[in-house]
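Q: Let me give you the structure first, and then I'll get to my questions.
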Amino acid sequence: MKRSWLTVIAVVFVVSSVLAGCSGNNVNNGGNASPEPSGSPETTASADPTGGGKTFENMELEVAVFQGGYGREYWDAVADSFMKDYPGTKINITASPQIAELLRPKIVAGNPPDFIYLPQGGDNQPIIDGFIKDNGLLELNDVFESQGENGTPIADSILPGVLESKAMSPNGDGKVLFAPYNYGVMGMWYNKNLFDTKGITLPKTWDEFFALNSVAKENGRALFTYQGLHPGYLEEIIIPAIFNVGGKEALDQFFNYDPEFWKSETFKKVFGLFEKIANEDNALMNGTVALNHTQSQTDFLMGKSMFIPNGSWFEDEMKDAPREDGFQFGFLGVPSFDAGKPVMALTSVELFMIPAKAKNPELAKEFLKYLYTEKSVKLNGEKAKAVMAVKGAPDLVKEYISATTYEIFKAVDGGMEALNGAFKTPAQGSKFNPGDEVYQPLSSIMNKQMTLEEYGDKLYEVYTNIQKEYQ
Amino acid sequence: MEMYRQVFLLDRERMVTAMSTKMKRTGFILACLIPGLALFSLFRIYPTLQIFHKSFFMWSAIGDEPKFIGFKNFVDMFQDEVFLLSLRNTGILMLIVPVLTLAIALINASILSKSKLRESGFYRTVFFFPSILSFVVIAILWSFIYHPSIGFLNASMELIGLDEFVMPWLGHEKTVLWALAVTMVWQAAGYYMVMYIAGIDGISPEYYEAASLDGASRIQQFFSITIPMLWEIIRVTIIFIINGVISISFILVSIMTAGGPNRHSEVAITYLYGQAFKNGNFGYAMAIGVVVFIISLLLALLSNRLTEREAS
Amino acid sequence: MSGMQFTAASSGTAHTNTSLKSRIGRLLLRVILLAQSLFVIYPLVWNVLASFKTNKEVLLSPWSLPGSLNWDNFVRAFTTAKMGDYMFNSVMVVALSMAITLAVVVPTAYVLARMKFPGRKFLTNVYMAGLFIQGVYVVVPIFLVMNDLHMLDNRFWLSAVYAAGSMAFSVYLLIGFLKSIPREYEEAAMIDGCGYFGTLFRIIVPMARPGIITVVIFSFFDFWNEYVLAMTFISSEHKKTIPVGLSNLFEIQRYATDWGSLFAGLVLVLIPTIVVYSLLQKKLTEGMMLGGLKG
Numbered sequence: 110m111k112r113s114w115l116t117v118i119a120v121v122f123v124v125s126s127v128l129a130g131c132s133g134n135n136v137n138n139g140g141n142a143s144p145e146p147s148g149s150p151e152t153t154a155s156a157d158p159t160g161g162g163k164t165f166e167n168m169e170l171e172v173a174v175f176q177g178g179y180g181r182e183y184w185d186a187v188a189d190s191f192m193k194d195y196p197g198t199k200i201n202i203t204a205s206p207q208i209a210e211l212l213r214p215k216i217v218a219g220n221p222p223d224f225i226y227l228p229q230g231g232d233n234q235p236i237i238d239g240f241i242k243d244n245g246l247l248e249l250n251d252v253f254e255s256q257g258e259n260g261t262p263i264a265d266s267i268l269p270g271v272l273e274s275k276a277m278s279p280n281g282d283g284k285v286l287f288a289p290y291n292y293g294v295m296g297m298w299y300n301k302n303l304f305d306t307k308g309i310t311l312p313k314t315w316d317e318f319f320a321l322n323s324v325a326k327e328n329g330r331a332l333f334t335y336q337g338l339h340p341g342y343l344e345e346i347i348i349p350a351i352f353n354v355g356g357k358e359a360l361d362q363f364f365n366y367d368p369e370f371w372k373s374e375t376f377k378k379v380f381g382l383f384e385k386i387a388n389e390d391n392a393l394m395n396g397t398v399a400l401n402h403t404q405s406q407t408d409f410l411m412g413k414s415m416f417i418p419n420g421s422w423f424e425d426e427m428k429d430a431p432r433e434d435g436f437q438f439g440f441l442g443v444p445s446f447d448a449g450k451p452v453m454a455l456t457s458v459e460l461f462m463i464p465a466k467a468k469n470p471e472l473a474k475e476f477l478k479y480l481y482t483e484k485s486v487k488l489n490g491e492k493a494k495a496v497m498a499v500k501g502a503p504d505l506v507k508e509y510i511s512a513t514t515y516e517i518f519k520a521v522d523g524g525m526e527a528l529n530g531a532f533k534t535p536a537q538g539s540k541f542n543p544g545d546e547v548y549q550p551l552s553s554i555m556n557k558q559m560t561l562e563e564y565g566d567k568l569y570e571v572y573t574n575i576q577k578e579y580q
Numbered sequence: 005m006e007m008y009r010q011v012f013l014l015d016r017e018r019m020v021t022a023m024s025t026k027m028k029r030t031g032f033i034l035a036c037l038i039p040g041l042a043l044f045s046l047f048r049i050y051p052t053l054q055i056f057h058k059s060f061f062m063w064s065a066i067g068d069e070p071k072f073i074g075f076k077n078f079v080d081m082f083q084d085e086v087f088l089l090s091l092r093n094t095g096i097l098m099l100i101v102p103v104l105t106l107a108i109a110l111i112n113a114s115i116l117s118k119s120k121l122r123e124s125g126f127y128r129t130v131f132f133f134p135s136i137l138s139f140v141v142i143a144i145l146w147s148f149i150y151h152p153s154i155g156f157l158n159a160s161m162e163l164i165g166l167d168e169f170v171m172p173w174l175g176h177e178k179t180v181l182w183a184l185a186v187t188m189v190w191q192a193a194g195y196y197m198v199m200y201i202a203g204i205d206g207i208s209p210e211y212y213e214a215a216s217l218d219g220a221s222r223i224q225q226f227f228s229i230t231i232p233m234l235w236e237i238i239r240v241t242i243i244f245i246i247n248g249v250i251s252i253s254f255i256l257v258s259i260m261t262a263g264g265p266n267r268h269s270e271v272a273i274t275y276l277y278g279q280a281f282k283n284g285n286f287g288y289a290m291a292i293g294v295v296v297f298i299i300s301l302l303l304a305l306l307s308n309r310l311t312e313r314e315a316s
Numbered sequence: 467m468s469g470m471q472f473t474a475a476s477s478g479t480a481h482t483n484t485s486l487k488s489r490i491g492r493l494l495l496r497v498i499l500l501a502q503s504l505f506v507i508y509p510l511v512w513n514v515l516a517s518f519k520t521n522k523e524v525l526l527s528p529w530s531l532p533g534s535l536n537w538d539n540f541v542r543a544f545t546t547a548k549m550g551d552y553m554f555n556s557v558m559v560v561a562l563s564m565a566i567t568l569a570v571v572v573p574t575a576y577v578l579a580r581m582k583f584p585g586r587k588f589l590t591n592v593y594m595a596g597l598f599i600q601g602v603y604v605v606v607p608i609f610l611v612m613n614d615l616h617m618l619d620n621r622f623w624l625s626a627v628y629a630a631g632s633m634a635f636s637v638y639l640l641i642g643f644l645k646s647i648p649r650e651y652e653e654a655a656m657i658d659g660c661g662y663f664g665t666l667f668r669i670i671v672p673m674a675r676p677g678i679i680t681v682v683i684f685s686f687f688d689f690w691n692e693y694v695l696a697m698t699f700i701s702s703e704h705k706k707t708i709p710v711g712l713s714n715l716f717e718i719q720r721y722a723t724d725w726g727s728l729f730a731g732l733v734l735v736l737i738p739t740i741v742v743y744s745l746l747q748k749k750l751t752e753g754m755m756l757g758g759l760k761g
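Protein chains in written order, with my numbering: chain A, 110 to 580; chain B, 5 to 316; chain C, 467 to 761.
Shown next as structure tokens:
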């Protein structure tokens, strides 16, 4: 699973609700939660209230999707279903893990596809930023104002705070340019079986976390590993931790390039965690820095490390990978610095967009609406094992996802606090890729080739320079 | 008068035939040159002029017009730490790889052609083999060879009791460039070896015989005959390898390390590519292209000049 | 050189004197050479073994053998990883590029090697300068040119770019070769009324065959293995060539952890390379000598 470096919404929730297996009573599904699977994807066209009868001048739709941990089966299935419900339409799906590279020439040539799905971050972020900078996207407000299948505006069925977030309405002018797709919950994972059988208590604070190092050693494993070659995964710890220590202001400093952030106590406390991991014996799994994400994740499953950060796609991503006997996925979240504060987690939402130069914007919007139907949400659960950022989605797809995943989503569904979680788009012509600037040097900290102080000084300079570029 | 006219007519005929052969000749030359020149101009000459021209512009790809900014890209470049690091990495590779490749290729070539081992054909075939493999295949294979836990390298070091030296080769700032360099040498040494074997086979055996009569050892012969006689070929191959390093390093870095850890394996061309296609800074990327091009040209000239002096 | 005439007489004694020493020396050489061979071959053997392993087996020691032959890996490489499509594209692009290369390079090299006309020297130098301009430097402007002319995501134009890229080297190689053909052949052909084109195609091309084969061999490996340009200029999944497809497969591995089929895919790419290599080995090394020595 290629995951987003830049995250949309930070979520704070109490970990006990995850552990207790939260009841789900606190979520009002607005009547669309039908427990038994209603109708297979083969339901006839006339049965769909939004489908049938409509004709479009152009019946062909070019769809480009990122092929990551969720695979492409959902897209093939939902396209088939749409074509049945809208007879005469033709949807062409292009899917690739390197979709950004495929899109770039088409966008430059002024010949973009009609509909795009991209997760944020990584190679995709420059495409997303480029669209924003160049006003290259169609405004989607009318789609969300229009009525969905249950008679209320589609906007009402989206998770609260998402459409208004900076990720979906990046210019802060109320124009929704991106539509939400799957959301993921991220934090640290552990082997539940190990903790249960050995009676180990889950750490709620960072002190408790580091105290587990000796227990990890007794059990023949390191305390921590991460997706070495891609240190951007560490944001899953960093962002909630910054919020934990410095609150919203500190996060704003961090995402909006205030150089002073790198002199603050928040910085020292949060990034000091990694220096501690690097320096303490047995804390960091050997070889971590050189491993890519599946390699390090496999090592985690094989019992070489006690904790690893990752997102809710983890189980599905690693379904074919070997693991130690009795391994069970357990989700911890991110410990806090003070005993009083709750354990946290981070979420991110993936994006749909319709380019302004799309050849068939009408059909693209219709397709977008279709993706928010119950049928599609379920299909997405079945084929992609994923949860869309739609109210009640965890319950709709409960039968397709694992119990652990379900509980994580239900817990998040409960209490969310929406935060600005994306780096500000750098100035036009900027040489900086903020995610790389911030996260890449963490490899050097882990290798003990750079001290915390050097790192802070370097980033202070980088942030100063990024600021200069705006002028 | 009659006679005179006759002669005149004859001359004209000759002139006409001469003219038409000349035209035919010109037509032939043009017909032969134009298709190639058109292709070469479109995909080599024009793009090359473009990188020089557009390196003076700020130009983000999607949509906007290039804006002339003079030398700013070049000034920025030398304050851009990541670029400087990538340049340094490229430089290190351009130094290590040609030296190691040439040394190994020369030694193997002279062993294989001078020792007359029965199975030398086998070695030749084997050593040459990596140079026909796709760089992508090589990159994928070697990223598993260097794998910290299941990799061949660490496993064999543990096997022979060098446990303490086991390390994540691609994950450490100090080893990553060497690891990439070894992969490049593995790929290229056989290729140059075959070239040198051809060269050595072209050296008259009498030189060696004379030298061994004079009591020169094999090693002395290597330095006093083989190397001087191959000097011209060596000079050409140095330039080949320097060029080769630039293109193969792009593929190895983008597949094996993604420039990590912390950009310690970023090379100039991967940085150029990233600035162009990831950050959309086409003008800046072209300016980087100009600098790398000039540096590699200077390096080629320099090595040519240096080796020339040593030869005479 | 003064010792030359004595060589024959004295070589006999020299041999017996050193025979023991040289035997030890040879043993040592063999050890060194075998160790190197192992170093070269092992990764490939490991790859073939890994292509039969299950995912769990891949993670065990690199010395272990596969428990059973998992042909599945190959099936998946063909079905889910579409190696067949990639291979077809590669063959097509290589064939096209080769045709274009030969069509432009042979006449160009001939004219530059043989005809005298104003600008010849300059033109030759332009091509020679091209030796220093690699694809990676100009990938960005070529991309932009192709974009302007709507040539992107098109296998024919990719082949044309390949051909343009190999021109400098091929022209340089062929000029060297053509210059070594005695002029008398052409003169005779011209007198026989062959005309310029006739002479080129009926006399020169057959005589230049070894040089042309060298060009073909060098370009074959260049085209077959090219990655950067193909990755940048081709965007449709079904038009990708093997190197791009493979790196794509490697990327997908990062999402789906199916190492077995990755290695199977690598083996599938190795096989044609090995076949071509074993068929062409002699020609190839001969060609390299040409390339190296004439240059």
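C-beta atoms are modelled at their ideal positions from N, C-alpha and C, and glycine is treated no differently.
Can A493 of chain A and E182 of chain A be called in contact, C-beta distance under 8 Å?
A: Result yes, Cβ atoms of A493 of chain A and E182 of chain A sit closer than 8 Å.
Q: Is T52 of chain B close to chain C? Criterion is C-beta to C-beta, closer than 8 Å.
A: Put simply, the CB of T52 of chain B is near chain C, with a gap under 8 Å to one of its CB atoms.
Q: When burial is assigned at 16 or more other CB atoms within 10 Å of the CB, is M555 of chain A buried or exposed?
A: By the C-beta density criterion, M555 of chain A is buried, having at least 16 other C-beta atoms within 10 angstroms.
Q: Would you kindly work out how many angstroms separate the C-alpha atoms of M199 of chain B and V682 of chain C, rounded to a whole number?
A: Pairing M199 of chain B with V682 of chain C, the inter-Cα distance amounts to about 18 Å.
Q: With C-beta atoms as the reference, is V605 of chain C less than 8 Å away from V694 of chain C?
A: yes
Q: Could you tell me whether the Cβ atoms of A109 of chain B and I204 of chain B are closer together than 8 Å?
A: No Cβ-Cβ contact shorter than 8 Å links A109 of chain B with I204 of chain B.
Q: Can you check the region 326-394 of chain A for any alpha helix (DSSP H) of at least 4 residues that lies completely inside it and give the ranges in chain order?
A: 344-364, 374-388
Q: 8 Å is my cut-off, CB to CB: does N77 of chain B come that close to chain C?
A: no
Q: Looking at C-alpha atoms only, which residue of C:F622, C:L504, C:Q600 is the closest neighbour of G631 of chain C?
A: C:Q600
Q: In chain order, what residues of the same chain lie with their CB nearer than 6 Å to the CB of Y572 of chain A, ignoring the 5 residues before and after it?
A: Y366, P368
Q: Expressed to the nearest angstrom, what Euclidean distance is found between the alpha-carbon atoms of F60 of chain B and P607 of chain C?
A: Using only the alpha carbons, I get a separation of about 14 Å.
Q: By DSSP, does L624 of chain C sit in helix, in strand, or in coil?
A: Correct three-state label for L624 of chain C: helix.
Q: Give the single residue among B:Y212, B:P152, B:P134, B:I73 whose Cα lies nearest to the Cα of M171 of chain B.
A: Ranking the options by Cα distance to M171 of chain B, first place goes to B:P152.
Q: Bridge partners for I225 of chain A per DSSP, in chain order?
A: A:A173, A:M462
Q: What does the alpha-carbon distance come out to for the pair N536 of chain C and F729 of chain C?
A: 12 Å
Q: Which residue spans inside the region 605-678 of chain C form an unbroken alpha helix (DSSP H) run of at least 4?
A: 621-645, 650-657, 661-664
Q: According to DSSP, is V499 of chain A helix, strand or coil?
A: strand
Q: By DSSP, does Q437 of chain A sit in helix, in strand, or in coil?
A: Three-state result, Q437 of chain A: coil.
Q: DSSP on N291 of chain A, reduced to helix/strand/coil?
A: strand
Q: If you draw a straight line from the alpha carbon of I575 of chain A to that of T590 of chain C, how long is it in whole angstroms?
A: 47 Å
Q: For the putative contact between V733 of chain C and N521 of chain C, defined by C-beta atoms under 8 Å, what is the C-beta separation to the nearest angstrom?
A: That pair is no contact at about 16 Å.
Q: Taking 8 Å as the CB-CB cut-off, is K118 of chain B touching chain E?
A: Looking at the structure shown, chain E is missing, and the protein chains on hand are A, B and C.
Q: Return the residues of the region 607-632 of chain C that lie within a Cβ-Cβ distance of less than 9 Å from chain A, sorted by chain order.
A: Of all residues in the region 607-632 of chain C, only F609, L610, M612, N613, D614, H616, L618, D619 place a beta-carbon less than 9 Å from a beta-carbon of chain A.
Q: Go ahead and pull the three-state DSSP assignment for L302 of chain B.
A: Of the three classes helix, strand and coil, the one that applies to L302 of chain B here is helix, per DSSP.
Q: Is G264 of chain B close to chain A, meaning its C-beta is less than 8 Å from at least one C-beta of that chain?
A: yes
Q: Measure from the C-beta of K494 of chain A to each C-beta in chain C and report whether the shortest distance is under 8 Å.
A: no
Q: Using a cut-off of 7 Å between C-beta atoms, extract the partners of N691 of chain C located in chain B.
A: Result: S138, F139.
Q: Got a sec? Which residues, its chain only, sit under 6 Å from V217 of chain A by beta carbon, not counting five neighbours each side?
A: Nothing listed; no residue qualifies.
Q: Can you give me the C-alpha to C-alpha distance between A159 of chain B and F287 of chain A, rounded to a whole angstrom?
A: 49 Å
Q: Which of helix, strand or coil does DSSP assign to K478 of chain A?
A: helix
Q: Where does M297 of chain A sit, in a helix, a strand or coil, going by DSSP?
A: Strand at M297 of chain A.
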